[in-house]
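S.K.: Quick one: structure below, then a few questions.
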Amino acid sequence: MNGFSPDGYIVDQDYFGDYEYRTIPASHNGCGWIAAFNIRHYLGHEADFKEVMREMDEMHTLHIPGPTTMPVMRAYLKKYIPEMKEHEGREAALAVACGSRAGILRYSEAEVPHFISFIRAGEVFRFFNVNDGLEDFVSSMEMFFASHVKPPKYVSVFTLA
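According to the numbering used here, the sequence shown is numbered sequentially starting from 165.
See the structure below:
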């Protein structure tokens, strides 16, 4: 495996340690640009992962180690996927995500802020780059929230209706 699924989604950021994002290996903090790449891939955009990573890196005003910030994620999505809408709060995020066809979820995974992408797969969803062992899997949105999106942590979701 090289970090990609057979159908072209990035499913495991651990394979991107040779690339730098925000001054450190992207294997440590690449979840934001990976989630954005995956949604663009889902939409059929001709997006190269290195270009997505570079552009999002350059959008940060401070070039210091860190994750993708919410202002950068918002600006990037507004530029490339303006139809994506943001919803905040656990209950609102869950309700909107359940009715969406795809999206990006911002929550804490193992106490670390994390972005993941998801796409509808019939009555359930396919989730990418969640954590080790859950790189590419299918679940209901309700089950995903119950096992990964624990209150009272901050939750935000960007969705495609």
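Just so it is clear, CB atoms sit at the ideal spot from N, CA and C, and this is done for glycine as well.
Please read all numbers here as calculations on a predicted model, not as lab measurements.
Consider the C-beta atom of Ile-245 and the heavy atoms of the ligand ZN; say whether any pair is separated by less than 7 angstroms.
M.R.: As presented, the structure is devoid of all ligands, the ligand ZN included, so that no description of it is given.
S.K.: Whole-angstrom Cβ separation of Phe-301 and Ile-174, contact assumed at under 8 angstroms?
M.R.: At roughly 14 angstroms, the Cβ-Cβ gap does not stay under 8 angstroms, so Phe-301 and Ile-174 are not in contact.
S.K.: Should His-227 go down as buried or exposed, given a rule of 16 or more other Cβ atoms within 10 Å for buried?
M.R.: The residue is exposed, with fewer than 16 neighbouring Cβ atoms inside 10 Å.
S.K.: Hey, which unbroken runs of the alpha helix (DSSP H) at 4 residues or more fall wholly within the region 237–282?
M.R.: Listed in chain order, the complete alpha helix (DSSP H) runs (minimum 4 residues) inside the region 237–282 are 254–262.
S.K.: Between the beta-carbon of Leu-241 and the beta-carbon of Met-248, is there less than 8 angstroms?
M.R.: Yes; because the gap between Cβ atoms is below 8 angstroms, this pair is in contact.
S.K.: With DSSP collapsed to three states, give me the class of Ile-188.
M.R.: Correct three-state label for Ile-188: strand.
S.K.: Once you ignore the five residues that flank Ala-239 on each side, which residues in its own chain have a CB closer than 8 angstroms to its CB?
M.R.: Contacts found: Met-223.
S.K.: Is Met-305 closer than 8 angstroms to Ala-256 when the C-beta atoms are compared?
M.R.: Not a contact, by the Cβ cut-off of 8 angstroms.
S.K.: Closest to Arg-270 by CA distance: which of Asp-221, Ala-325, Glu-219 and Lys-317 is it?
M.R.: The candidate whose alpha carbon is nearest that of Arg-270 is Lys-317.
S.K.: Using the rule of at least 16 other Cβ atoms within 10 Å of the residue's Cβ for burial, across every protein chain shown, is Glu-215 buried or exposed?
M.R.: It counts as exposed.
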